[in-house]
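In the numbering used here, the protein residues as written are 461 to 830. Accompanying notes for the structure given below.
Shown next, in the form of structure tokens:
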């Protein structure tokens, strides 16, 4: 039987309360969009998209849970995002910050210890390790994530199939946004590069540059709080031998990273294996020109992997590695499971090749030739 949102929320409340006992906390207050979506099993507490902070706050104690919302937000929160049996509403006038402060302090005050995930009236900040509660996905999250991943892959494929030489990066970007939003996906990262801009820039935000021979399209798409990342490349005409070699190499590096992402392994060690793969493929310095990705889930990257990273891969934790060699790139989102990596944004109707490494092979997205 599929896990319900109510069951998922109860499981996560148990995680939060176990964390509170470990830290000696009596109440935690969560305002960030990532934590709100995680704890509410896909709820949304934003109005503006260009911020990581939401407009409502969840308060969790050892025995109960509340939602603090202004008179503007309260009706939608209770109608669309939350169950009144799980989260008790505390509402205040939108124009009265003193009332909001009083509501916060009523829950936080008088308790031995309180902590918040944002700057909230001088309350102590939650330790950074609170984010680790989000790392291992529940059954319900995995089901939503698979649907999101397929949609993101299909959207990228459609965009690359519809690009016409002469169209600008802006136009391609607009189509990516349109198709994403039509499926309820907020594409908060959209990168489009044409021709030489693929070679020159690792983070190519779109410009009025027209597409001539090649294009790269990149997205991080969010739905129900979950984020899936992927990149695809298209060529108008046959690939040059040098680019073909580079793309096979970057897919081999990606395969190394993907197959090394095993629960229990140190993330820094996974990255070091990828760095060695760069060297083995003959592109030793390229890894220093762009970060290689890391764990994802409720953020574009929960953190960027570095060689010194000591955190470990968790069971059912999503990752998005994005190795690149000048002129090409390989990026998809995976889930690190005990049975091996599960591709979340796997190509749907797209040319593929085998990324090869000592641990095996992984199907990777090839460059579409049109």
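Just so it is clear, CB atoms sit at the ideal spot from N, CA and C, and this is done for glycine as well.
About 14 Å separates the CB atoms of residue 781 and residue 729; that is not less than 8 Å, and the two are not in contact. DSSP places residue 550 inside the beta strand (DSSP E), whose first and last residues are 548-552. For residue 676, no alpha helix (DSSP H) run applies; the uninterrupted beta strand (DSSP E) run containing it begins and ends at 674-683, by DSSP.
In the structure shown, residue 778 falls within a strand segment according to DSSP collapsed to helix, strand and coil. Between residue 553 and residue 536, the alpha-carbon positions lie close to 15 Å from each other.
Beta bridge pairing from DSSP links residue 794 with 779 and 803. Excluding the 5 residues flanking it on each side, residue 500 has same chain C-beta neighbours closer than 7 Å at 469, 541 and 542, in chain order.
For residue 817, the enclosing beta strand (DSSP E) begins and ends at 812-817. Rounded to the nearest whole angstrom, the CA to CA distance from residue 651 to residue 617 is 15 Å. Excluding its 5 nearest sequence neighbours in each direction, residue 659 has C-beta neighbours in its own chain below 7 Å: 786 and 787, listed in chain order. Its Cα nearest to that of residue 764, the residue 750 stands out among 775, 776, 774 and 750. If you draw a straight line from the Cα of residue 526 to the Cα of residue 546, it comes to about 8 Å.
Segment contact: the segment 574-586 against the segment 656-672, fewer than three CB-CB distances shorter than 8 Å; contact not assigned. The Cβ atoms of residue 601 and residue 686 sit closer than 8 Å to each other. For residue 612, the number of other beta carbons within 10 angstroms of its own is at least 16, and it is reported as buried.
Taken in chain order, the complete beta strand (DSSP E) segments of 3 residues or longer contained in the segment 542-616 are 548-552 and 574-576. For the segment 678-765, the full-length alpha helix (DSSP H) segments reaching 4 residues or more read 701-720 and 727-740 along the chain.
By the neighbour-count criterion, in which a residue is buried when 16 or more other Cβ atoms sit within 10 angstroms of its Cβ, residue 829 is exposed. Excluding sequence positions up to five before and after residue 544, its CB lies within less than 8 Å of the CB of 538, all in the same chain and listed in chain order. For residue 664, no pairing in a beta bridge is given by DSSP. Rounded to whole angstroms, the Cβ separation of residue 485 and residue 559 is 25 Å, and the two are not in contact under 8 Å.
Minimum Cα-Cα distance from residue 565 among the listed residues 473, 727, 517 and 631 corresponds to 517. Runs of the beta strand (DSSP E) lying entirely within the segment 472-508, each at least 3 residues long, are 487-492 in chain order. Distance from the Cα of residue 476 is smallest, within the candidate group 638, 805, 506 and 519, for 519. Two segments are said to touch when three or more pairs of C-beta atoms, one from each, lie closer than 8 Å; by this definition the segment 688-702 does not touch the segment 718-728.
For residue 481, the number of other beta carbons within 10 angstroms of its own is below 16, and it is reported as exposed. When Cβ pairs closer than 8 Å are counted between the two stretches, the segment 697-707 is seen not to touch the segment 615-632, the count staying below three.
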